[in-house]
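Numbering (UniProt numbering), first residue to last: 1 to 494.
Report on one structure; see the data block that follows.
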Amino acid sequence: MGPYLRKGSASNLHSSHSPSRSRSQSSTSHLARNVTPPTAASSMKTVRILPVFVAIDMLAVSLVVPLLQTYYKTAGVSSAMQREFLSSAYSTSQIVGGLAIGLASDSGMMTHRSILMLSFLGSSFAYGMIGFLGHSIYAIIASRIIVGSVKQTMTVTTAMLAKHTSSEDRTGYMGLLTASSTFAWIVGPSLGALLYKYFSPSSPPIVACWLFIINFVLAVVLLPKETETHATRKKEGDSNSRPLLKKNFKLKSFTENLHSCFTSPELGASVICLLLFSWVDRATSYASLGSFYEDKYGIETYQRGYISSYQSILLFMVQSRLVRPLLQYSGGECRSAFWGAVGLTLATVIESWATLPVFVVVVAPMVALSVPLIGLSLKSLLTKVAPKDAVGSALAATDVLQNAAAVTVPFYRTTLFTVLDWVTQCLPEGKLFSLQECSNLMSGDPEPFIWILCSAFHWLLLAVMFRFLLGSIECDDIYLDKSIEKNENKLKTT
């Protein structure tokens, strides 16, 4: 969406409305008389309500997402290619919607408050379509496109948190957002499974629809109006804020954000590693396979929700207790990312022969330990090697690039499914089929054992790439301080 406001910007804006300003300046227009920047009380009110929004929002999402494959089957999505097309449509709509909403925000047409309300209202409509029209494949397609286009909850709440908090307090409040999301993903999948089994298959998306409506009403009632616009500041005659406005508006453009990702080799390597991790994580995902857990472990479809809740509990324990000590023990972010990828390789290999108890006791904890270790290491590394005034821009551009890379995942997976199916089914007993003929014959997912081994190869290759790309970065504080200083000087010169 755009870079976070720097520390002190809120106080600068507040000073422009101080009592010492003349009466003529404070009443230049009706808009200026009725619009005030966020006070300390309103900022604290906003900060306190944001975790509630995230918890309700993620609870609604977690009710439905683990059961999406079931709704796809009900709507007539019978092949892996159709399912991957839905995934591609969702990722594409995320990019288009994110860019459109970002432009509307940059131009002053929408505030964070209005974007958040649009996210809640649009998501309610989209999930309601699954609940009431889930038998129609066209309703499913429209639902995924709509929710992908308007769903900006985490991005907007993070930006609002950055705006209303100081740099010293921001980390703690960011932790509250993460804890709210994690709590929702612990409760939501199991609750969705119970609703699906004991009430009706349409209950989870209908409940999610009402939860989004509740969030929308809370946003209307509790969030103070954000009315700080470029035009308002100009009318108020705050000449000191004009250079800052021009700079912030420029940094919000995607081109400038993209440029900020590659101001140094270290920063470029960090961004590329984040993109590779996000891409491989999506490409090897089991959750998006139609019947992986059912075929591998012999469970019922609704029991996916219980597995998802268990994995969320493990993630919460790891994020709250183990990740930071492991980062320090492993010797820095670079080594942590590498060993995390190695851990995922080993976990996937073990899963190839694991039973359900082994998956629960061994595989799931290893995955829960490795995934956040890689994610936190790479994000922490990016914030350290990036110039201080370009961190927000680099993160925003990385988010867009991750969505863009996600669009290619379904096409890659479809091709990979075809190749694996050709190897395992189209060549038995000397039968020869072309890849096109085998693609026409393919109706489901590859065998779980073959897919697991293929995933292990992906994680091993990622570990090698981490070693190559991050091997030249010294993850010690002295080097990072020098790197930041060098990047800041380079950015100023540019």
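Just so it is clear, CB atoms sit at the ideal spot from N, CA and C, and this is done for glycine as well.
Quick caveat: nothing in here was measured; it's all calculated off a predicted structure.
Taking C-beta atoms as the reference points, F53 and T153 count as a pair closer than 8 angstroms.
Less than 8 angstroms divides the Cβ of E294 from the Cβ of T301. Membership of E300 in any alpha helix (DSSP H) is not indicated, and neither H nor E is assigned to it by DSSP. Only residues of its own chain outside the window of five on either side were considered, and among them G134, H135 and P201 have a CB closer than 8 angstroms to the CB of T74, listed in chain order. Ranking P204, Y198, L177 and A179 by CA distance to the CA of P189 puts P204 first. In the displayed model, T74 falls within a helix according to three-state DSSP. Nearest neighbour of S455 by Cα position, chosen from A179, A341 and M58, turns out to be A341. With 16 or more other CB atoms across the displayed protein chains lying within 10 angstroms of its CB, S377 is buried. For G131, the number of other beta carbons within 10 angstroms of its own is at least 16, and it is reported as buried.
Under the three-pair Cβ rule at 8 angstroms, the segment 396 to 404 counts as touching the segment 90 to 99. With respect to I140, L86 sits close: the two C-beta atoms are nearer than 8 angstroms. Of I452, G128, T182 and L103, the smallest CA-CA separation from T348 is found for I452. As the crow flies, the alpha-carbon of T70 is around 44 angstroms from that of G331. A check of alpha carbon separations from L67 across L470, D421 and L191 identifies L191 as the nearest. By the beta-carbon neighbour count (other beta carbons within 10 angstroms, threshold 16), T355 is exposed.
Distance from the CA atom of S88 to the CA atom of G175, rounded to whole angstroms, is 31 angstroms. A337 and V318 have their C-alpha atoms roughly 15 angstroms apart. Counting only the Cα atoms, L103 lies some 29 angstroms from L381. Between V363 and the set I374, G343 and P372, the nearest pair of CA atoms involves G343. The beta carbons of I56 and I214 sit closer together than 8 angstroms. For the pair S270 and V385, the CB atoms are nearer than the 8 angstroms cut-off. Contact check for A159 against L63 fails: the beta carbons are separated by 8 angstroms or more. Inter-residue distance for V409 and T418 is about 14 angstroms (C-alpha atoms, whole angstroms). Remark: C-beta atoms of W185 and M366 do not approach each other more closely than 8 angstroms.
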